[in-house]
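Novice: For the protein sequence lines, the chains are Y and X, in the order given.
Take the first sequence: its letters are residues 1 to 338, numbered as in our numbering.
Take the second sequence: its letters are residues 339 to 676, numbered as in our numbering.
Glycine is no exception: its CB is placed at the ideal position from the N, C-alpha and C atoms.
Keep in mind that this is a model prediction, so the values were computed, not measured.
2 protein chains.
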Amino acid sequence: MTTIRAWAAAGPKEPFKPFEYELGALGPDEIDIDVDYCGLCHSDLSMWANEWGRTAYPFVGGHEVVGRVREVGANVAGLTVGQKVGLGWLSKSNLNSQQSLSGDHNLSPGNEATIIGRHGGFADIVRCQWVWAIPLPEDVDFKKAGPLFCGGVTVFNPLVQFSVKPTDKVGVIGIGGLGHLGLQFLNKWGCEVTAFTSSPDKEKEAREFGAHKTLNSRDPGAWKQAKGRFDFLLATVAVTLDWTRLMRTLAPRGRLHFVGAVGEPVPVHIPAIMGGQNQISASPVGSPAVTAQMLDFCSRHDIAPMTEQFKMSDINAAMEHLDAGKARYRIVLENDFD
Amino acid sequence: MTTIRAWAAAGPKEPFKPFEYELGALGPDEIDIDVDYCGLCHSDLSMWANEWGRTAYPFVGGHEVVGRVREVGANVAGLTVGQKVGLGWLSKSNLNSQQSLSGDHNLSPGNEATIIGRHGGFADIVRCQWVWAIPLPEDVDFKKAGPLFCGGVTVFNPLVQFSVKPTDKVGVIGIGGLGHLGLQFLNKWGCEVTAFTSSPDKEKEAREFGAHKTLNSRDPGAWKQAKGRFDFLLATVAVTLDWTRLMRTLAPRGRLHFVGAVGEPVPVHIPAIMGGQNQISASPVGSPAVTAQMLDFCSRHDIAPMTEQFKMSDINAAMEHLDAGKARYRIVLENDFD
Chain Y
1 MTTIRAWAAA GPKEPFKPFE YELGALGPDE IDIDVDYCGL CHSDLSMWAN
51 EWGRTAYPFV GGHEVVGRVR EVGANVAGLT VGQKVGLGWL SKSNLNSQQS
101 LSGDHNLSPG NEATIIGRHG GFADIVRCQW VWAIPLPEDV DFKKAGPLFC
151 GGVTVFNPLV QFSVKPTDKV GVIGIGGLGH LGLQFLNKWG CEVTAFTSSP
201 DKEKEAREFG AHKTLNSRDP GAWKQAKGRF DFLLATVAVT LDWTRLMRTL
251 APRGRLHFVG AVGEPVPVHI PAIMGGQNQI SASPVGSPAV TAQMLDFCSR
301 HDIAPMTEQF KMSDINAAME HLDAGKARYR IVLENDFD
Chain X
339 MTTIRAWAAA GPKEPFKPFE YELGALGPDE IDIDVDYCGL CHSDLSMWAN
389 EWGRTAYPFV GGHEVVGRVR EVGANVAGLT VGQKVGLGWL SKSNLNSQQS
439 LSGDHNLSPG NEATIIGRHG GFADIVRCQW VWAIPLPEDV DFKKAGPLFC
489 GGVTVFNPLV QFSVKPTDKV GVIGIGGLGH LGLQFLNKWG CEVTAFTSSP
539 DKEKEAREFG AHKTLNSRDP GAWKQAKGRF DFLLATVAVT LDWTRLMRTL
589 APRGRLHFVG AVGEPVPVHI PAIMGGQNQI SASPVGSPAV TAQMLDFCSR
639 HDIAPMTEQF KMSDINAAME HLDAGKARYR IVLENDFD
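1. For the region 302-322 of chain Y, enumerate the residues whose C-beta is nearer than 9 Å to any C-beta of chain X, in chain order.
2. Determine, using beta carbons only, whether D107 (chain Y) comes closer than 8 Å to chain X.
3. Taking three-plus beta-carbon pairs below 8 Å as touching, is the region 295-304 of chain Y in contact with the region 617-632 of chain X?
4. Using three-state DSSP, classify C379 (chain X) as helix, strand or coil.
5. What whole-angstrom Cβ distance do P603 (chain X) and V268 (chain Y) have, given they're in contact under 8 Å?
6. I need the boundaries of the beta strand (DSSP E) containing K17 (chain Y), first residue and last residue.
7. Measuring only from the beta carbon, is D462 (chain X) closer than 7 Å to any heavy atom that is part of the ligand PLP?
8. Check this for me: beta carbons of G61 (chain Y) and P147 (chain Y), under 8 Å apart or not?
9. Apply the 10 Å Cβ neighbour rule to M339 (chain X) and answer buried if 16 or more other Cβ atoms are within range, or exposed otherwise.
10. Is there a Cβ of chain Y sitting closer than 8 Å to that of G512 (chain X), yes or no?
11. Can you check DSSP and say which residues form a bridge with I472 (chain X)?
12. Given M312 (chain Y), which residues of its chain have a CB within under 8 Å of its CB, disregarding the five upstream and five downstream residues?
13. Between Q83 (chain Y) and chain X, is the shortest Cβ-Cβ distance under 8 Å, so that the two count as touching?
14. Could you check whether H63 (chain Y) and I125 (chain Y) sit closer than 8 Å to each other, using their CB atoms as the reference points?
15. Could you name the residues of chain X that V268 (chain Y) contacts, counting a contact when the two beta carbons are closer than 7 Å?
16. Kindly indicate which three-state DSSP category Q293 (chain Y) falls into: helix, strand or coil?
17. Quick one: residues in its chain with C-beta nearer than 8 Å to the C-beta of N449 (chain X), no 5 flanking neighbours on either side, listed in chain order?
18. First and last residue of the alpha helix (DSSP H) that includes L671 (chain X)?
19. Between which two residues does the alpha helix (DSSP H) carrying G520 (chain X) extend?
20. Strictly by DSSP, which residues pair up with D34 (chain Y)?
21. Using only the alpha-carbon positions, how far apart do D506 (chain X) and W527 (chain X) sit?
22. Give the DSSP bridge partners of W7 (chain Y), in chain order.
23. Determine which residues of the region 622-634 of chain X have a Cβ less than 9 Å from any Cβ of chain Y, and write them out in chain order.
24. Can you grab the Cα-Cα spacing for the pair S440 (chain X) / G592 (chain X), in whole Å?
25. Give me the residue from Y:V69, Y:F156 and Y:G276 with the minimum Cα distance to T236 (chain Y).
26. Kindly give me the distance between the Cβ atoms of I31 (chain Y) and W130 (chain Y), rounded to whole angstroms, as I take these residues to be in contact under 8 Å.
27. Buried or exposed for R248 (chain Y), going by 16 or more other Cβ atoms inside 10 Å?
28. So what's H321 (chain Y) in DSSP terms, helix, strand or just coil?
29. Do the region 173-188 of chain Y and the region 200-218 of chain Y meet, that is, are 3 or more Cβ pairs less than 8 Å apart?
30. Quick one: give me the first and last residue of the beta strand (DSSP E) that R245 (chain Y) is part of.
31. Just to confirm the assignment, what range does the alpha helix (DSSP H) spanning P158 (chain Y) have?
32. Contact check, I270 (chain Y) vs V600 (chain X) under 8 Å by CB: the rounded distance?
33. Checking contacts by CB at 8 Å: is M385 (chain X) closer than that to chain Y?
34. Is it buried or exposed, K13 (chain Y), if we count other Cβ atoms within 10 angstroms and call 16 or more buried?
35. Along the chain, where does the alpha helix (DSSP H) that runs through Q225 (chain Y) open and close?
36. Grab the span of the beta strand (DSSP E) containing L571 (chain X) for me, first residue to last.
Shown next as structure tokens:
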């Protein structure tokens, strides 16, 4: 038996309070992680409020964990006690599904998510299947790395999946927790990067993250100039935009890709995307192998989330800050259990 | 000067009547084709009725031509007088566009279509830029080959563009002029092929074209079983279906691809396609190189459209037959100018 100290909410949007729970013996393919830092993600907010009807209370969120391996199960190879690892949205996959056997663990049916039907990383210890504990390169900043394991891989993965090319002209829609990482990745990927934004005050910062150009979405002339321009558009927002106007900015063979869970259906006018052989797609996080590729890419190119740090005991202030849309750009909690 | 004898409509849905027009001297990169056969396509109907607001009258339709090279311009290489060729939807491309230089002539901006702003193949002679006159292999049935140059390449092209694999489970939606060719191509491509149809009377025929399975779209149990099943769905219809239900039948990484110009917007629920990393796409005809690949594939695998033959002088009866939805499955006109 292992006793876990955590922060839990008793009901939807109830404050997080200290909470303890017990875990049974470590399974042969499981590991326990001593949590050092845990990022906050919008899906923590959604789960906290039970927006998706999938939350069990007491609710312990947190799925952007970095920490050190505390204990390894009998069948675990390749991880050693004390090693730095990260854990993201997924905590367990059926390893003999066709998807996992193909390297697409993240697309495997029946995946277990770190904060659904179990407790997450707002805690001193978190458990997972070994495959989802991804080793952290030494030169990736430990304090800031948490958000890479959900937000980071969510925007990195489509570059791999859809073979975005360094010669592509790309656009990032929405410069926030996901978008500010998208700009960094795509700049180092070799692309010509345009940041779409409706806030002129974000333009300077977008350029610092890696945008070569900005498109002010309130300027009709800018849309006219952008017609047929982009090979790849990364939509990181969750709100409804004028998708038809955005699709008109796609070049022949261009793709509009979604990593934000846009609520309202996106209307696709088939004749309008047919002439240019355009594509619309969406994707969730990434596989263990792609997550490791991302970490290596971050290490080689000095890419990191811009974070605000809170003590884990200040979790309620941190969640409020995120909920108010004030995070610039990701929040990380530091474990301060004594 | 060359005098062309043709069949033209004086206005929307007016009957086709004999019509003559003159063409100037052959340009250096042009060829004239003696028309032997010309297929009828739904877009001939749309253009005849001026549904797209792009028709000039007198209107000479016809963009599924097969014939023999009559004359070649000074700069034309690789085509000789008397050689069998086909001409489809496109008749001229800007050869120094980025798309043409990349082999994507069909996606090049400013392409000229065979029946827009010029006269098509309901005639004894038709002219085009050399690149769009594709040589016909000797063992492809000359009488039936016309529909391959528009309908055929429209369904073949996405198999190439999106790397459909012989191990894929695929579905064809709509068993008509396009779908009956899709079934043949996908069967010989090595895939497991399912025909989606609401007409049980088409099931037997779908199997003869190459379907291994059929899915009766009026059977709720069939939809339940099909959930998460398909790697590639080819939508050949132009009407509105329950697209959300169709997207639920996509496997992880699965694609719903449109080759029919569906009029109403297709609503895409992003969270529903995100978990499986699904894709929605559309494409128009194919490039000269892909058209040549298709002809070689037809030759090697004995693939041909199922056609009904009319004399070109019976064009009005043929158009009426097509308009009534009675074509099984493509109509070909035989040039009977004396």
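Specialist: According to the data block:
1. none
2. Checking the displayed sequence, the identity of residue 107 (chain Y) turns out to be Leu instead of Asp. So yes, L107 (chain Y) belongs to the interface.
3. no
4. coil
5. 6 Å
6. F16 to L23
7. Of the ligands one can find in the structure shown there are none, so the ligand PLP has no counterpart to examine.
8. no
9. exposed
10. no
11. X:G424
12. W7, C38, F122, L333, E334, N335, D336 and F337
13. no
14. no
15. P603, V604, V606 and I618
16. helix
17. L428, K430, S431, N432 and H443
18. That residue, L671 (chain X), is in no alpha helix (DSSP H); its beta strand (DSSP E) goes R668 to E672.
19. G517 to K526
20. Y:R68 and Y:I125
21. 10 Å
22. Y:P18
23. P622
24. 27 Å
25. Y:F156
26. 5 Å
27. buried
28. helix
29. yes
30. Segment W243 to M247 is the alpha helix (DSSP H) holding R245 (chain Y); no beta strand (DSSP E) there.
31. G151 to Q161
32. 4 Å
33. no
34. exposed
35. P220 to Q225
36. F568 to A573
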